[in-house]
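Input: a single structure, listed below in structure tokens.
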Amino acid sequence: MKSQLSWKEYQALEFLTEPSANTVSKAVSLRLKTRLNHIWQSLVAYFSTSTEPHVWRNEDSNGQVVWHAYDPVTNQSVQQASMDEMRVWLEERHYQTL
8 MKSQLSWKEY
18 QALEFLTEPS
28 ANTVSKAVSL
38 RLKTRLNHIW
48 QSLVAYFSTS
58 TEPHVWRNED
68 SNGQVVWHAY
78 DPVTNQSVQQ
88 ASMDEMRVWL
98 EERHYQTL
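The opening position of the sequence shown corresponds to residue 8 in the working numbering, with each subsequent residue numbered one higher.
So, in structure tokens, the structure goes:
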């Protein structure tokens with residue numbers, strides 16, 4: 008028994024093709040590129056580990072600038088400090104390491 012297909016269904020079935028070697032090659036290439044990029048980023052992160060403190064600023068809920076810092080050597084951190092407090096913390100850290 009033959010099923011009745013519409014012209015569009017017939018056309019869709021006729022034009023189904025296996026993925027070309029080029030398409031498969033591109034997919035493999037993309038996966039390889041992604042993997043190599045991940046490895047590269049890991050190496051950069053590993054070798055660029057710094058002993059310098061990480062300092063950044065934010066704004067609190069009132070719009071005031073607050074400072075945060077983290078010292079990877081001592082694992083100490085400062086949260087929501089004023090600029091003056093941050094300067095004191097950094098100077099103390101500097102003199103501790105001398």
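Each residue gets a CB set at the ideal place from its N, CA and C atoms; glycine is no exception. Source: prediction; values computed, not measured.
Assign valine 80 to buried or exposed, taking buried as 16 or more other Cβ atoms, counted over all protein chains shown, within 10 Å of its Cβ. exposed
Quick one: what's got a C-beta closer than 8 Å to threonine 56's C-beta in the same chain, skipping five residues either side? Pro79
Cut-off 8 Å between Cβ atoms - residues of its own chain near serine 84, not counting five sequence neighbours on either side: His75, Ala76, Tyr77, Asp78
Using only the alpha-carbon positions, how far apart do methionine 90 and valine 72 sit? 8 Å
8 Å contact criterion, which glutamine 86 and aspartate 67 should meet: CB distance rounded: Going by Cβ atoms, the distance from glutamine 86 to aspartate 67 rounds to 11 Å, so no, they are not a contact pair.
Whose C-alpha, out of Ser32, Met93, Ala19, Trp47, is nearest the C-alpha of tryptophan 63? Met93
Per the DSSP calculation, glutamate 66 is bridged to which residue(s)? Val72
Going by beta carbon distance, what residues of the same chain come within less than 8 Å of arginine 42, once the five residues before and after it are set aside? none
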